[in-house]
Amino acid sequence: MHLADHPARRRLSAALDNLAITFRDATTHPDEHNCECHWGSSEELSLLKTPNVELEPDLLRRTWQSWSWTDHAAVLRRILPQFATALVAGRAEPLFGLEEAGYCLALGRWQQWPDDQAGPVREFLHAWWVQSLTDPDAIVPAHQVFAMCAEASGTLGPWLADWEEQTGPLSDRRLAETAAKWEYRLLGDSLPWRLSWYEHDEEEMRAELVAWLLGHAAARLRESGASTDLQHRIRLLGLTELDRWTDPHWPGHSY
Numbered sequence: 003m004h005l006a007d008h009p010a011r012r013r014l015s016a017a018l019d020n021l022a023i024t025f026r027d028a029t030t031h032p033d034e035h036n037c038e039c040h041w042g043s044s045e046e047l048s049l050l051k052t053p054n055v056e057l058e059p060d061l062l063r064r065t066w067q068s069w070s071w072t073d074h075a076a077v078l079r080r081i082l083p084q085f086a087t088a089l090v091a092g093r094a095e096p097l098f099g100l101e102e103a104g105y106c107l108a109l110g111r112w113q114q115w116p117d118d119q120a121g122p123v124r125e126f127l128h129a130w131w132v133q134s135l136t137d138p139d140a141i142v143p144a145h146q147v148f149a150m151c152a153e154a155s156g157t158l159g160p161w162l163a164d165w166e167e168q169t170g171p172l173s174d175r176r177l178a179e180t181a182a183k184w185e186y187r188l189l190g191d192s193l194p195w196r197l198s199w200y201e202h203d204e205e206e207m208r209a210e211l212v213a214w215l216l217g218h219a220a221a222r223l224r225e226s227g228a229s230t231d232l233q234h235r236i237r238l239l240g241l242t243e244l245d246r247w248t249d250p251h252w253p254g255h256s257y
């Protein structure tokens, strides 16, 4: 199969096209404003009030990274087609992690939008997540896409369910790579990304993620031949404090 014919890539391309169609005439509120000293000029602001005008990359970045909008949902709808394309291409340029982009979506409360708007956003997130697991040419690492989707939606279930459905060798390798990225913070009893949206319950999300890693992921790591060291580090998530730290396979992490 040619990479251009990859099913996950076709699905993602269709999802991006659907976002472009759905939000092509979106603009910010006519009275929307932002600080000229910290965000940008009145001329740049006028571009957000004009539909179908592409923003310069730096203006797009400043727009999605600003939390100071009066009507954040309208701003998100205005930039979403271009923003999604930049995310997929790895050009979003977050300051710390891609979960910041998820915060931007959460702040816009996209899940409360009408179905004909929320549906395309949901499909984009799922399509991008599956593409990150199954496309060998995916640009953004799977663990970053997962954090972004979790932050955008406030839930882990749909993304973990997608992962369970994707059982090929590449998705298994992505699982091992992601578990290796996550184990340090999880063993320190923290989520492996920075939780930004105040409505999310960090402890609840961490508990769900750990339960999934100890269950589905642990069995899958064994079956796919992941390193013994990684398997032990995931096993340690099921132990509490002293038992974990005194286990012969404790990796010596300090926090």
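Under this note's numbering, the first residue of the sequence shown carries the number 3, and numbering increases by one thereafter. Backbone N, C-alpha and C define an ideal beta-carbon position, used for all residues, glycine too. Please read these numbers as outputs of a predicted model, since none were measured by experiment.
By the neighbour-count criterion, in which a residue is buried when 16 or more other Cβ atoms sit within 10 angstroms of its Cβ, Leu97 is exposed. Within its own chain, the residues whose Cβ lies closer than 7 Å to the Cβ of Cys106, once the five positions on either side in sequence are excluded, are Trp66, Leu78, listed in chain order. Exclusion of the five residues before and after Ile141 leaves Val90, Ala91, Gly92 as the residues of its chain whose Cβ lies within less than 8 Å of its Cβ.
With respect to the C-alpha of Ala88, the residue from Leu109, Arg80, Leu62 having the closest C-alpha is Leu62. For Glu179, the enclosing alpha helix (DSSP H) starts and ends at 171-189. Here the C-alpha atom of Leu109 lies approximately 44 Å from the C-alpha atom of Pro250. Straight-line measurement puts the Cα of Ala178 at about 32 Å from the Cα of Arg111.
Proximity to His234 across His8, Ala181, Arg196 peaks at Ala181, based on C-alpha coordinates. For Arg93, the secondary structure class from DSSP, reduced to helix, strand or coil, is coil. Sorting Ser229, Leu197, Tyr257, Arg187 by C-alpha distance to the C-alpha of Leu239 places Arg187 at the top. Counting only the Cα atoms, Asp7 lies some 23 Å from Pro83. In the structure shown, Pro250 falls within a coil segment according to DSSP collapsed to helix, strand and coil. In the DSSP assignment, Ile23 falls within the unbroken alpha helix (DSSP H) covering 9-24. If you ignore the 5 residues before and after Asn54, its C-beta comes within less than 8 Å of the C-beta of Arg26, Asp27, all in its own chain and listed in chain order. Contact between Ala219 and Val132 does not hold, since their C-beta atoms are separated by about 17 Å, which reaches or exceeds 8 Å. The alpha-carbon separation between Phe126 and Ala228 amounts to approximately 30 Å. Secondary structure of Val142 (DSSP, three-state): coil. For Arg111, there is no enclosing alpha helix (DSSP H), since its DSSP letter is neither H nor E. In terms of Cβ geometry, Leu215 and Ala149 do not form a close pair [threshold 8 Å]. For Gly170, the closest C-alpha among the options Ala17, Leu50, Ser226, Ala103 is that of Ser226. In this structure, the beta-carbon distance from Ala86 to Arg13 does not fall below 8 Å. Arg224 counts as exposed, since fewer than 16 other C-beta atoms from the protein chains shown sit within 10 angstroms of its C-beta. Leaving aside the five residues that flank Cys37 on each side, the residues in its chain whose CB is nearer than 8 Å to its CB run, in chain order, Ser70.
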